[in-house]
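Numbering (the working numbering), first residue to last: 1324 to 1650.
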């Protein structure tokens, strides 16, 4: 009886005559512990977030039952008379955030591009460190500078110049005060600008060098390469940066409360005072009754809904842009 030579199969390769398949490897105990910690941490995070949201929503039931949809559409906020209309607060939140993003997004993206591709290498590190330092400055510092420095200057010089230039057109009409919605928007612009610059810079920096060199080799200028190659490739990171900046602008509290005036009325001019959902949450707790506390909880729910809507809109725009790029 003769036997053929015995051959050993390579690891991961099925022996002759046996159907190929995945070689099962024993799972180490450390892997099981890792996955257990990961799943456990995720579960704790989900439970904490769900508990927070459920508690917030249930605490606002009294206010919704008292005011109904008037809590969103009402224009009068007077806790002494149990009138809770959040429309002026919603308008103030959206307008101040819009001012900040309109100013910060184009400037922030341009600065990020400059830091990666235009600024000399020896200046990139100190300039990037300065941007990160601005992002770490507490919001109360921005509010203090806005109230002590910008507010008097705007009232004495900037607002008169702005009205004379625009002939008091539309949003720049009427009398103006020291604190205003425009001032709050500009303070928010300064606060969210470092966020956009830092995250956009990181997204632009990881664009493959081969794509840039390929575009340059085909005859594209530096500006054409930056506009048509670098920015589209970094679109996902830039969108994430703008989304984070929008969330910070919508939820900023102390700095806005210091410079917006906290007037609970629908603003008819950017040069007048107003209020936001976040600043109201910071200033309305003193002497609040049970119903007022419930109304403040409802304001928090509205703010969370607005922020979630902005995030969803950003994701939808990014998804459509990616689909258009693949067609």
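For every residue, glycine included, the Cβ atom is placed at its ideal position computed from N, Cα and C.
In the three-state reduction of the DSSP assignment, residue 1406 falls in the strand class. Between the C-alpha atoms of residue 1597 and residue 1506 there is a straight-line separation of about 11 Å.
For residue 1400, the pairing in a beta bridge is given by DSSP as 1407.
Sequence-distant partners of residue 1470 (beyond 5 residues in either direction) whose C-beta falls short of 7 Å from its own C-beta, in its chain, are 1581, 1582. With respect to residue 1390, residue 1617 sits apart: the two C-beta atoms are not nearer than 7 Å. Taking residue 1418 as the centre and dropping the five residues before and after it, the same chain places the C-beta of 1504, 1508, 1590, 1593, 1597 closer than 8 Å to its C-beta, in chain order. Going by C-alpha positions, residue 1448 is about 16 Å away from residue 1529. The three-state reading of DSSP puts residue 1355 in helix, counting H, G and I together.
Exposed is the label assigned to residue 1360, since fewer than 16 other Cβ atoms lie within 10 Å of its Cβ.
Contact between residue 1556 and residue 1435 is ruled out by a C-beta separation of about 13 Å, above the 8 Å threshold. The alpha-carbon of residue 1406 is positioned some 9 Å away from that of residue 1398. Within the model, the alpha-carbon separation for residue 1426 versus residue 1451 is close to 20 Å.
Put simply, the backbone Cα of residue 1378 is about 35 Å away from that of residue 1428. Between residue 1576 and residue 1634, the gap from beta carbon to beta carbon reaches 7 Å or more. Checking the DSSP bridge columns, you'll see residue 1584 partnered with 1597.
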